[in-house]
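Written out below as structure tokens is the structure these notes cover.
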Ligand SMILES: Nc1ncnc2c1ncn2[C@@H]1O[C@H](COP(=O)(O)OP(=O)(O)OP(=O)(O)O)[C@@H](O)[C@H]1O
Ligand SMILES: Nc1ncnc2c1ncn2[C@@H]1O[C@H](COP(=O)(O)OP(=O)(O)OP(=O)(O)O)[C@@H](O)[C@H]1O
Ligand SMILES: [Mg+2]
Ligand SMILES: [Mg+2]
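Protein chains in written order, with the working numbering: chain A, 1 to 227; chain B, 1001 to 1227.
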């Protein structure tokens, strides 16, 4: 479902030029579960933003569900993103003036669900991550880990075909982190493809494969033995 | 240096009322190194904000270096905070329009260092956390873990007497996390008092004591055996 060839990304702004990704190849089959690891600054979030069609590569090819993303217009790109991909941002990216419930409902509007159905789906997603008693709180009225769980609920509520999660458990205690992984694992068992950045080896071992980045290149692409 | 008695905090806004801290007692001696742990939403950041004089408790007493904080005016509170405490926020709280270097220099202005000395101190702090080649980047031009390390450099550059760090390594790979802990450990050996929130048991075991919160109360206050 994801096929990346020689993808590169160089940031150029003012007098700052950084080659965040030098050249990355990556194949992800439908239903696969891949962990992306690597030191701080090695290009993980940059790669995730390219996979999530939130940014365009400087060079290289990216095919999502067989379609060449580079040839899509901005509108088509947004359409692919909304219909196809659930994204958990490293900094959550919750809208500060919307409640937890409204933040989770927002992507569902795009999918055309009726208001009542949207509310029910969003309430179930928030209950699944343990926030049933915080649904009307604004992000500023939530703890760091609660905000992170709202971001996870928002990405999963619409049952996307592909989940791209950038550090989905970094601010969670181990029990809350395992609860989130159990939800992701369950959806992966149902066929959802998962690509996840993590610094935590225990979280990575929920996945079937670990891709390690170093200085913008793939250092290792290792299948984990089952069990 | 920190003496907290029966401190409580209830948030009341609109129709939301949450008792984040029910009643917490805490004593921290000068030069001590304490880890605060507990599930997501258990009140750790709320406690750190009270210890850092960024918020006032609903009830209870807090004495910092022997002075009753409740009786200080807002100006005196800001003065104590700037002269005494280095704070690492869970969401970094970097100023988006300042470079990494300018963010680290900002608290030093308050301390009256000359411009040349400030620049030198800030450059050393950023080099110590491995960001010598990112000093002119804006926060948006830095990775998540790089932003976190700028926040650590900013809190430590002025060699505060007390470091309050809310999850200082959550977004760092284990090597960068150990590098940050080595810096904090070194300053603690030199007499800096450290109170740190963490979800990571390995990071917590750099400390001498672990205080575990649950639902806004202290569940456990456990001294770790040396070595
Ligand atoms: N401004 C606020 N208004 C209302 N409730 C709040 C506010 N800030 C925090 N809370 C609530 O207070 C409780 C404690 O929050 P706090 O941020 O201290 O938790 P925490 O232990 O730091 O959690 P985490 O590990 O997820 O960061 C949470 O349940 C949260 O929803
Ligand atoms: N907008 C930008 N402009 C310039 N450089 C950038 C920009 N965004 C990121 N970078 C740089 O690109 C490199 C890769 O950043 P990226 O966010 O992908 O790293 P990461 O692997 O996600 O790190 P972390 O684990 O700390 O989140 C970093 O060195 C960073 O400084
Ligand atoms: Mg990142
Ligand atoms: Mg917190």
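Even glycine gets a Cβ: it sits at the ideal position worked out from N, Cα and C.
Query                                                                                                                                                                                     : Result
For a contact defined as C-beta to C-beta under 8 angstroms, what are the partners of residue 1013/B on chain A?                                                                          : 141
Indicate the three-state DSSP secondary structure (helix, strand or coil) for residue 221/A in the structure shown.                                                                       : strand
What residue from 1074/B, 1035/B and 1185/B has the CA that sits closest to residue 1211/B's CA?                                                                                          : 1035/B
Residue 160/A to residue 175/A, Cα distance in whole Å?                                                                                                                                   : 25 angstroms
Would residue 227/A count as contacting chain B if we go by Cβ distances under 8 angstroms?                                                                                               : Residue placement at residue 227/A is flagged as unreliable, the pLDDT there being 49, under the threshold of 50; the coordinate-derived value follows with that caveat. No, residue 227/A lies away from the interface with chain B (no Cβ there is under 8 angstroms from its Cβ).
What residue range does the alpha helix (DSSP H) around residue 84/A cover?                                                                                                               : 74 to 84
Any beta carbon of chain A sitting closer than 8 angstroms to that of residue 1220/B?                                                                                                     : no
By the 10 Å Cβ neighbour count, where 16 or more other Cβ atoms means buried, how is residue 1015/B classified, buried or exposed?                                                        : exposed
Just the chain A side, please: which residues come within less than 8 angstroms of residue 1016/B by C-beta, in chain order?                                                              : 136, 137 and 141
So who's on the other strand from residue 1011/B, going by DSSP bridges?                                                                                                                  : 1018/B
Short of 8 angstroms in beta carbon distance, which residues of its chain neighbour residue 41/A, apart from the five on each side in sequence? Order them along the chain.               : none
Among the candidates 98/A, 119/A, 65/A and 4/A, whose CA atom is the shortest distance from the CA of residue 50/A?                                                                       : 4/A
Tell me whether residue 166/A counts as near ligand 3, meaning its Cβ is closer than 7 angstroms to at least one heavy atom of that ligand.                                               : yes
Rounded to whole angstroms, how far is the Cβ of residue 218/A from the Cβ of residue 24/A, which I believe are closer than 8 angstroms?                                                  : 6 angstroms
Relative to the alpha-carbon of residue 1183/B, which residue among 1128/B, 1116/B and 1094/B has its alpha-carbon at the smallest distance?                                              : 1128/B
Could you compute how far the alpha carbon of residue 1062/B sits from the alpha carbon of residue 1072/B?                                                                                : 11 angstroms
So is residue 1031/B in contact with chain A if we call contact Cβ pairs under 8 angstroms?                                                                                               : no
Can you list, in chain order, the residues of its chain with a C-beta nearer than 8 angstroms to that of residue 1125/B? Leave out the 5 residues immediately preceding and following it. : 1104, 1153, 1154, 1156 and 1157
Between which two residues does the alpha helix (DSSP H) carrying residue 1189/B extend?                                                                                                  : 1174 to 1189
Applying a beta-carbon distance threshold of less than 8 angstroms, which residues of chain A neighbour residue 1167/B?                                                                   : 144 and 171
By how many angstroms is the C-alpha of residue 1113/B removed from the C-alpha of residue 112/A?                                                                                         : 58 angstroms
How long is the line joining the alpha carbons of residue 201/A and residue 1137/B, rounded to whole angstroms?                                                                           : 30 angstroms
Nearer than 7 angstroms: is that true of the beta carbon of residue 143/A relative to any heavy atom of ligand 4?                                                                         : yes
Would you tell me roughly how many angstroms separate the C-alpha atoms of residue 31/A and residue 188/A, rounded to the nearest one?                                                    : 6 angstroms
What are the start and end residues of the beta strand (DSSP E) that includes residue 60/A?                                                                                               : 59 to 64
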